[in-house]
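Following: one structure in structure tokens, then a few remarks.
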DNA sequence: TTTTTAATGTTACATGAATAACAACAAAAA
DNA sequence: TTTTTGTTGTTATTCATGTAACATTAAAAA
Ligand SMILES: NC(=O)c1ccc[n+]([C@@H]2O[C@H](COP(=O)([O-])OP(=O)(O)OC[C@H]3O[C@@H](n4cnc5c(N)ncnc54)[C@H](O)[C@@H]3O)[C@@H](O)[C@H]2O)c1
Ligand SMILES: NC(=O)c1ccc[n+]([C@@H]2O[C@H](COP(=O)([O-])OP(=O)(O)OC[C@H]3O[C@@H](n4cnc5c(N)ncnc54)[C@H](O)[C@@H]3O)[C@@H](O)[C@H]2O)c1
């Protein structure tokens, strides 16, 4: 459950550098970044190299410069418009959350099948699901959050495909595979909890296995 | 973003086998499991072997038997009691969610600093944060979900440590490192969205990179 | 009873990702 | 001006994880 991939690391670098910046720092060395994140300094330099981020041989990296470049890579310097399908408990929580803008993300509309949820006013409208094709086309949306009930997940996937959505953050426990047409990130809260409970129950405090897993059977 | 680790795969096996079971199937071969998940059959057999799940040489694996063993390994045959700290938008959504029981998870209490949130009645009480030590001890709780505002995240971590909580599912964007004492699963919704947006913006439909990342700079 | 078959369980290999090592070199010191 | 220093950028190595290959063996077929 450590840092997984290059893009995830870029986000970690960004958050750490923002903290350095708020402390008044201007430049950093690769190990200043590596140590707090528990990774090697050479990996930081390799990542930077791969993304064309360069430093100076004695003075390290300019925090401002790196941050700007990371935001460019991640697209966080623009506003990325995202829609939500299913404005229930999870959908509503996400819709009213105001922490997305710092990463260049804006929830611009919700869509629901229930007429009671439809809301024309307010800064983020909730529209009937039938309007999705038109809205996505007119506003050039490519990413959607799926927060409908499990039973409606499959049909919602088809709807989103038809609307030419390219990426889905899927909160339902129904697992979808990514295809060439559409990338799905299955965000399964149950699974994460089960995983966590397993570790807590099976690993002792010293970090070693409490008992051989095969003894568990 | 494929299947990450052994325990995550066990969950995938479980869900797939449940679907097979509901179709009336009784036995499966390793490739019946591997193919739908896009992994190799030898990995399925290796996983099963590591967890002491065995099949028969001609008849494959008994679905019922494997499911029972997986649930045992994951602890899903018992009830795992979990508490929530911070009963706001996310916390409330999780608290009222009734999909956890199928994985042997039960949210048994919420804790909040705001007196208006305190709720003695109902099946899941919301208690003042001061009561946490006593509650955790009396009910032998080891896992908590953190859904407090970012600003309260650090102090909440300390509170949970003092209460001897062993595992945290952390919904705040504040990243905590796991230690020998406590395992933290940082569940960062923003990061997942940024990651998704990056892929959608940078990979063409054919699955190849749209452009070299270094051209992005 | 013997042979064949088709699956498991296990070992060897490949691949990819992180770390370690180091060469290159700009800045500072002498 | 020359030497030293310390950090970047890059190459070599290690390590982990998944796949491929295969040896084993219970059941079916002959
Ligand atoms: N609430 C949680 O804490 C939680 C936890 C884990 C997983 N989930 C999953 O997240 C998903 C949403 O959960 P929730 O608790 O927000 O559900 P919910 O029932 O509160 O909300 C679902 C919303 O989707 C709408 N909807 C139903 N069918 C639709 C359709 N075909 N098209 C568009 N909208 C439709 C409903 O009108 C409702 O507003 C579920 O799949 C659930 O399993 C939720
Ligand atoms: N809402 C979302 O969609 C969303 C999305 C991504 C991340 N998050 C993160 O999840 C966390 C919770 O978000 P939210 O929208 O549910 O917030 P919220 O403000 O709706 O709820 C927070 C709750 O925590 C309680 N609280 C505050 N300080 C506390 C303390 N010291 N101890 C116990 N309880 C305390 C508050 O009384 C409130 O009930 C935040 O860190 C947020 O950044 C939320």
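Residue numbers (this note's numbering), protein chains in the order written: chain A, 295 to 511; chain B, 295 to 511.
Glycine included, C-beta positions come from ideal geometry on N, C-alpha and C.
A quick note: this is a predicted structure, and the numbers were derived from the prediction, not measured.
Assign residue 313 (chain A) to buried or exposed, taking buried as 16 or more other Cβ atoms, counted over all protein chains shown, within 10 Å of its Cβ.
-> By 1-based counting over the first chain, the position of residue 313 (chain A) is 19. It counts as exposed.
Okay, do the region 411-423 of chain A and the region 360-376 of chain A touch, 3+ Cβ pairs below 8 Å being the bar?
-> no
Can you find a CB in chain B that lies within less than 9 Å of the CB of residue 481 (chain A)?
-> As a position in the first chain, residue 481 (chain A) is number 187, starting the count at 1. Yes, its Cβ sits closer than 9 Å to a Cβ of chain B.
Determine the contact status of residue 380 (chain A) and residue 443 (chain A), defining contact as a CB-CB distance below 9 Å.
-> Taking the first residue of the first chain as position 1, residue 380 (chain A) is located at position 86. Taking the first residue of the first chain as position 1, residue 443 (chain A) is located at position 149. For residue 380 (chain A) and residue 443 (chain A), yes; Cβs fall inside 9 Å.
May I have the straight-line CA-CA distance separating residue 481 (chain B) from residue 403 (chain A), to the nearest angstrom?
-> For the purposes of this step, residue 481 (chain B) is taken as residue 187 along the second chain, with counting starting at 1. For the purposes of this step, residue 403 (chain A) is taken as residue 109 along the first chain, with counting starting at 1. About 24 Å.
Could you have a look at residue 460 (chain B) and say whether DSSP puts it in helix, strand or coil?
-> In the second chain, residue 460 (chain B) corresponds to position 166, counting from 1. If DSSP states are grouped into helix, strand and coil, residue 460 (chain B) belongs with coil.
Applying a beta-carbon distance threshold of less than 7 Å, which residues of chain A neighbour residue 453 (chain B)?
-> The residue given as residue 453 (chain B) occupies position 159 in the second chain. Here the premise fails: no neighbours, minimum Cβ distance about 18 Å.
Exposed or buried, residue 462 (chain A), counting other C-beta atoms within 10 Å across all chains shown (16 or more means buried)?
-> Counted from its first residue, the first chain places residue 462 (chain A) at position 168. Classification for residue 462 (chain A): buried.
Identify the residues that DSSP records as bridge partners of residue 291 (chain A): which are they?
-> The first residue shown for chain A is 295 and the last is 511, placing residue 291 (chain A) beyond what the model contains.
Rounded separation between residue 339 (chain A) and residue 321 (chain A) - CA only | The residue labelled residue 339 (chain A) in the question sits at position 45 within the first chain. The residue labelled residue 321 (chain A) in the question sits at position 27 within the first chain. Straight-line Cα distance between these residues: approximately 15 Å.
In chain order, what residues of the region 485-497 of chain B put their CB closer than 7 Å to some CB of chain A?
-> 485, 486, 487, 488, 489, 490, 491, 492, 493, 494, 495
For residue 326 (chain A), the first and last residue of its enclosing alpha helix (DSSP H) | Reading the first chain from its first residue, position 32 is the one you call residue 326 (chain A). Per DSSP, residue 326 (chain A) belongs to the alpha helix (DSSP H) from 324-331.
Below 8 Å CB to CB, which residues in the same chain sit around residue 492 (chain B) once its five sequence neighbours on both sides are set aside?
-> Here residue 492 (chain B) refers to the residue found at position 198 of the second chain. Nothing meets the Cβ criterion.
Report the three-state DSSP secondary structure of residue 506 (chain B) (helix, strand or coil).
-> In the second chain, counting from the first residue as 1, residue 506 (chain B) sits at position 212. With a pLDDT of 25 at residue 506 (chain B), under the threshold of 50, the modelled position of that residue is not reliable, and the figure given next carries that caveat. Residue 506 (chain B): coil per DSSP, three-state reduction.
State yes or no: is the beta carbon of residue 397 (chain A) nearer than 9 Å to at least one beta carbon in chain B?
-> As a working note, residue 397 (chain A) is residue 103 in the first chain. Chain B, which has a Cβ nearer than 9 Å to the Cβ of residue 397 (chain A), makes this yes.
When DSSP builds the beta bridges, which residues end up paired with residue 405 (chain B)?
-> Here residue 405 (chain B) refers to the residue found at position 111 of the second chain. Note: residue 405 (chain B) sits in a beta bridge opposite B:379, B:421.
Can you list, in chain order, the stretches of the beta strand (DSSP E) that have 3 or more residues and sit fully within the region 337-379 of chain B?
-> 374-379
Cβ shell of residue 455 (chain B) (< 8 Å), same chain only, five flanking positions each side left out = Looking up residue 455 (chain B) in the second chain gives position 161. Hits under 8 Å: 475, 476.
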